[in-house]
Amino acid sequence: MYHAISEYVPVLILLALAVGFGVVTLLVSFLVRPNDPYPDKLSPYECGIDPFTTGKLQIPVRFFVIVMLFLLFDVEAVFMYPWAAVYKKIGWYGFVEMFLFIVILLVGYIYAWAKGALEWE
Amino acid sequence: MLLEIGIALLKIIVVFALALLTVAYLTYIERKVIGHMQVRMGPMRVGPHGLLQPIADGLKLFMKEDIVPYEAYRFTFYFAPILTLVTALILFAVIPFDKHFAITRLNIGVMYILSIASVGVLGILLAGWASGSKYPILGGLRSAAQMLSYEIFLGFSIIGALMISGSLDLVKIVESQHVWNIVYQPVAFVIYIIAALGEINRVPFDLPEAETELVAGFHTEYSGMKFAYFFLAEYANMIIVCSMATILFLGGWRGPVLPGFVWFLIKLFALIYFFIWVRATFPRYRYDQFMKIGWKIMLPIVLANIVVTGVVMMMVQGG
Chain C
1 MYHAISEYVP
11 VLILLALAVG
21 FGVVTLLVSF
31 LVRPNDPYPD
41 KLSPYECGID
51 PFTTGKLQIP
61 VRFFVIVMLF
71 LLFDVEAVFM
81 YPWAAVYKKI
91 GWYGFVEMFL
101 FIVILLVGYI
111 YAWAKGALEW
121 E
Chain P
122 MLLEIGIALL
132 KIIVVFALAL
142 LTVAYLTYIE
152 RKVIGHMQVR
162 MGPMRVGPHG
172 LLQPIADGLK
182 LFMKEDIVPY
192 EAYRFTFYFA
202 PILTLVTALI
212 LFAVIPFDKH
222 FAITRLNIGV
232 MYILSIASVG
242 VLGILLAGWA
252 SGSKYPILGG
262 LRSAAQMLSY
272 EIFLGFSIIG
282 ALMISGSLDL
292 VKIVESQHVW
302 NIVYQPVAFV
312 IYIIAALGEI
322 NRVPFDLPEA
332 ETELVAGFHT
342 EYSGMKFAYF
352 FLAEYANMII
362 VCSMATILFL
372 GGWRGPVLPG
382 FVWFLIKLFA
392 LIYFFIWVRA
402 TFPRYRYDQF
412 MKIGWKIMLP
422 IVLANIVVTG
432 VVMMMVQGG
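As structure tokens, this is what we get:
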């Protein structure tokens, strides 16, 4: 589209504009807004009482399992995009290859299911 | 050369300004539509029919005190909303509103959208963690798990459409749709819409912000302009997922008589209206049910959809 400049340059300009908007608006609002902190106002939110736990919680391991599953499947998805884009050209050969790949992944998926990684108790 | 750069800059500024304005007015549209659905008037006081309400809201948030809780990690606390907003805004770079009107045209447009969108998850996770308070961290974790899960289904559901269109370039995808992809991929479209609702945390899947359990979720401790950033990002993401649905399944700017961008906007706003309608209609899901639907029902369906699409395409082609 733009022969003189790479097609990624507009993305970078937009990025600079967006970052600029974010930072400058915060800075300008710093000049006009009131600033009157006191300890009660700065305490972590709790409904009408003093907080009795901190925000440094132990994280349930479930979330970690979900992130692992996400990594597996998202890598698969990324692998499938280029395949989908050229699927019409590669025909049955491409189909069989991707089918085998999906089957291998399904084995892992069934294993995760059987082990209870997909349950939320 | 100079003219080209000038046009490119102009496009960026126009899209950026319009995106911000649309996002601001989307809050008004949402309140108005839901108001009328519940036999209320919605905002009426500021300007005729409350038309100046978003500007009043923006100014108010701009003037509000900026509170940083003493347990918060200061730098990350400021960094997270900016990251969320920036990732939402730069997604507009590849959306083709008309055949020749996009900020830029990447041959990996679909990948660009999905990869940048997953950085947005990081902003929300960081916001929850940096607040140093228990409701935000729980909301942030839930939000991250939900968005990551639903991003997978979102990603898989569009593969069918990509196979038919045979490109990752958003402009080429639209040009290939002599018949809209939704005709060949109805299952994928439904899954896409459900996954999109989960991905952008909208009712019935607004679990990170479930008021009854988590106060306001990851932005409980946020106030003033930083809160506004999360709000803007949420609505910008809504526009993006609806634009992607329009491009991938509904034929983008294609349509008779009217100019292209008008068709694009009609389809876009019809989808946005549908999202608001869903919000006015459905109650919230429970978190375990929600994850179960995703991993145990939607994932097998989208995988089957890809295989079936592959077989049928080869049969038709006579490969």
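Protein chains in written order, with the working numbering: chain C, 1 to 121; chain P, 122 to 440. Cβ atoms here follow ideal geometry from the backbone N, Cα and C, with glycine treated the same way.
Take residue i and list the residues in its own chain whose beta-carbon comes closer than 6 Å to its own, dropping the five residues that flank it on each side.
i, result
"P257/P", "G249, F339, T341 and E342"
"F218/P", "F382 and F385"
"M359/P", "I321"
"V65/C", "A117"
"Q174/P", "Y149, P164 and V167"
Quick test of your reading: residue i and residue j, contact by CB under 8 Å. State the CB separation rounded to the nearest angstrom.
i, j, result
"F213/P", "A140/P", "5 Å"
"L291/P", "V231/P", "7 Å"
"L259/P", "L335/P", "6 Å"
"L371/P", "I303/P", "6 Å"
"L247/P", "A201/P", "4 Å"
"G253/P", "A193/P", "5 Å"
"L424/P", "I102/C", "6 Å"
"L369/P", "G22/C", "Rounded, the Cβ-Cβ distance is 29 Å, inconsistent with contact."
"F274/P", "A316/P", "4 Å"
"I427/P", "F277/P", "7 Å"
So residue i contacts chain P; which residues on that side make the cut at Cβ distance below 7 Å?
i, result
"G22/C", "I203, L206, V207 and Y350"
"E7/C", "T225, R226 and L227"
"K41/C", "I188"
"Y111/C", "In chain order: nothing, as chain P lies at least about 13 Å away."
Rounded to a whole number of angstroms, what is the C-alpha to C-alpha distance between residue i and residue j?
i, j, result
"I224/P", "I237/P", "16 Å"
"P37/C", "I188/P", "7 Å"
"R405/P", "V19/C", "34 Å"
"G108/C", "Y191/P", "45 Å"
"V215/P", "T402/P", "32 Å"
"I134/P", "F390/P", "22 Å"
"L71/C", "S270/P", "10 Å"
"G156/P", "L182/P", "22 Å"
"F411/P", "L123/P", "52 Å"
"I279/P", "T367/P", "12 Å"
"V429/P", "M68/C", "27 Å"
"K132/P", "L118/C", "45 Å"
"G345/P", "L235/P", "29 Å"
"V311/P", "M184/P", "42 Å"
"P454/P", "V437/P", "Residue numbering for chain P in the displayed model covers 122 to 440; residue 454/P lies beyond these limits and cannot be assessed."
"E46/C", "A337/P", "12 Å"
"P60/C", "G415/P", "20 Å"
"T197/P", "A251/P", "6 Å"
"L353/P", "L180/P", "14 Å"
"F395/P", "D40/C", "43 Å"
"R33/C", "A77/C", "46 Å"
"A85/C", "L289/P", "6 Å"
"Y408/P", "V362/P", "22 Å"
"I90/C", "S29/C", "56 Å"
"A114/C", "K413/P", "14 Å"
"I294/P", "G373/P", "9 Å"
"I229/P", "D74/C", "16 Å"
Which residues in chain C sit within 8 Å of residue i, going by Cβ to Cβ distance?
i, result
"A214/P", "P10, V11 and L14"
"G345/P", "S29 and R33"
"I361/P", "The premise fails here: I361/P is roughly 13 Å from chain C at the closest Cβ pair, so nothing lies under 8 Å."
I want to verify the contact list: residues of chain P whose CB lies under 8 Å from the CB of residue i, in sequence order.
i, result
"F101/C", "The contacting residues do not exist; F101/C stays about 11 Å from chain P at best."
"A128/C", "Beyond the ends of chain C as shown, which are 1 and 121, falls residue 128/C; an answer cannot be given."
"L57/C", "K255, I258 and L259"
Once you ignore the five residues that flank residue i on each side, which residues in its own chain have a CB closer than 7 Å to its CB?
i, result
"Y2/C", "With a pLDDT of only 48 at Y2/C, under 50, the local geometry of the prediction cannot be trusted, and the value read off the model is given with reservation. Within the same chain, Y2/C has no close Cβ partners at all."
"G287/P", "S297"
"V324/P", "V399, R400, F403 and R405"
"F348/P", "L182 and H340"
"I110/C", "none"
"G94/C", "W83 and Y87"
"I126/P", "none"
Could you name the residues of chain P that residue i contacts, counting a contact when the two beta carbons are closer than 9 Å?
i, result
"D36/C", "E186"
"L31/C", "Near L31/C there are no residues of chain P at all, since even the closest Cβ is about 11 Å away, more than 9 Å."
Quick one: residues in its chain with C-beta nearer than 8 Å to the C-beta of residue i, no 5 flanking neighbours on either side, listed in chain order?
i, result
"W120/C", "R62"
"I211/P", "I237"
Interface residues of chain C around residue i at Cβ under 7 Å?
i, result
"A98/P", "Here chain P has residues from 122 to 440 only, and residue 98/P is not among them."
"M284/P", "A84 and Y87"
"L289/P", "Y81 and A85"
"T341/P", "Y45"
"M232/P", "Y81"
Taking 7 Å as the cut-off, does the CB of residue i come closer than this to any heavy atom belonging to the ligand HEM?
i, result
"V300/P", "With respect to the ligand HEM, the structure shown offers nothing to examine, as it has no ligands at all."
Kindly list, in the order they appear in chain C, the residues whose Cβ is closer than 9 Å to that of residue i.
i, result
"F277/P", "F73, E76, A77 and M80"
Between residue i and chain A, is there a C-beta pair that is closer than 8 Å?
i, result
"V144/P", "Of the protein chains in this structure, namely C and P, none is chain A."
Using a Cβ-Cβ cutoff of 9 Å, what residues of the region 76-92 of chain C are near chain P? List them in chain order. E76, A77, V78, M80, Y81, P82, W83, A84, A85, V86, Y87, K88, K89, G91 and W92
Within 9 Å of chain C by C-beta, residues of the region 161-194 of chain P in sequence order: L182, F183, M184, K185, E186, D187, I188, V189, P190, Y191, E192 and A193
When Cβ atoms are compared, which residues of the region 403-436 of chain P fall closer than 8 Å to chain C? Y408, D409, M412, K413, W416, K417, L420, L424, I427, V428, G431, V432, M434 and M435
Can you pull out the residues from the region 291-316 of chain P whose beta carbon lies closer than 8 Å to at least one beta carbon of chain C? none
Proximal residues, the region 364-380 of chain P versus chain C, C-beta separation under 8 Å: none
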